[in-house]
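In this text, residue positions in the sequence shown follow the numbering used here: the first is 4, and each later residue adds one. Ideal placement from N, C-alpha and C gives every residue a C-beta, glycine not left out. As the structure is a prediction and not an experimental result, all values here were calculated from the model.
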Amino acid sequence: AERLKGIRLMLAEYRRPDPRTAPARAKAAGLYMICTIEKHRAEAAGYADALMLDWRDHVAEATGANIFLIKDGVLHTPTPDCFLDGITRRTVIDLAKKRQMQVVERTILPEELGSFDECFITGTAAEVTPVSEIGPHRYTPGQISETLLNDYMEAVMPSQATLAANA
């Protein structure tokens with residue numbers, strides 16, 4: 004229940020670099036240093052994490068997690084052209100599609116952030132974590148975030164009944 008309240012993100016100052024300057028799909032130390040600096044800056048300011056923009060000023064990702072924004076029941080997530088296309092991100096997209104939810108991978112501009120209803124981040128550590136705030140924008144973790152969180156937990160952690168049946 005605590006997790007469904009959502010975490011707070013601030014907007015990062017550093018940008019994800021152009022993929023022509025460093026390999027976006029590699030977990031390269033230099034790229035992660037930018038994220039580490041921004042994560043520490045966010046935590047020092049009382050936030051859980053920071054939302055990174057890319058070199059074009061498009062929404063990219065949190066410092067160690069991918070982002071999904073929801074409007075009118077449709078999931079929007081940035082096209083992973085300059086950041087890691089996470090395994091958890093792909094899993095959540097598959098789970099959403101199994102529920103006939105529409106998923107749109109596209110350019111998301113920072114000025115659009117105020118127009119979404121729900122938001123969550125995905126990652127190995129984050130799993131599926133609702134977001135309640137990005138800078139001045141507020142979100143109410145809702146049914147879609149909760150459904151996908153539950154579906155994800157069921158997918159990665161089989162129920163006790165399933166474990167007992169397979170024992």
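Start and end residues, beta strand (DSSP E) containing residue i
i, result
"residue 53", "52-57"
"residue 14", "10-19"
"residue 78", "77-81"
"residue 63", "62-65"
6 Å Cβ shell around residue i - same chain, five flanking residues per side excluded
i, result
"residue 108", "80, 82"
"residue 110", "61"
Unbroken alpha helix (DSSP H) run spanning residue i, endpoints
i, result
"residue 151", "146-159"
"residue 172", "Beyond the ends of the chain as shown, which are 4 and 170, falls residue 172; an answer cannot be given."
Alpha-carbon to alpha-carbon, residue j and residue i
i, j, result
"residue 135", "residue 65", "14 Å"
Nearest to residue i (by Cα), restricted to the options the options
i, options, result
"residue 67", "123, 100, 49", "123"
"residue 116", "13, 7, 6", "13"
"residue 121", "112, 114, 137", "137"
"residue 126", "143, 73, 74, 52", "52"
Own chain partners of residue i with C-beta closer than 7 Å, once the 5 adjacent residues on each side are dropped
i, result
"residue 128", "67"
"residue 155", "94, 95, 98, 130, 131"
Beta bridge counterpart(s) of residue i as assigned by DSSP
i, result
"residue 122", "72"
Residue-chain proximity (residue i, chain C), Cβ-Cβ < 8 Å
i, result
"residue 59", "Note that chain C does not occur in the displayed structure, where there is just one protein chain."
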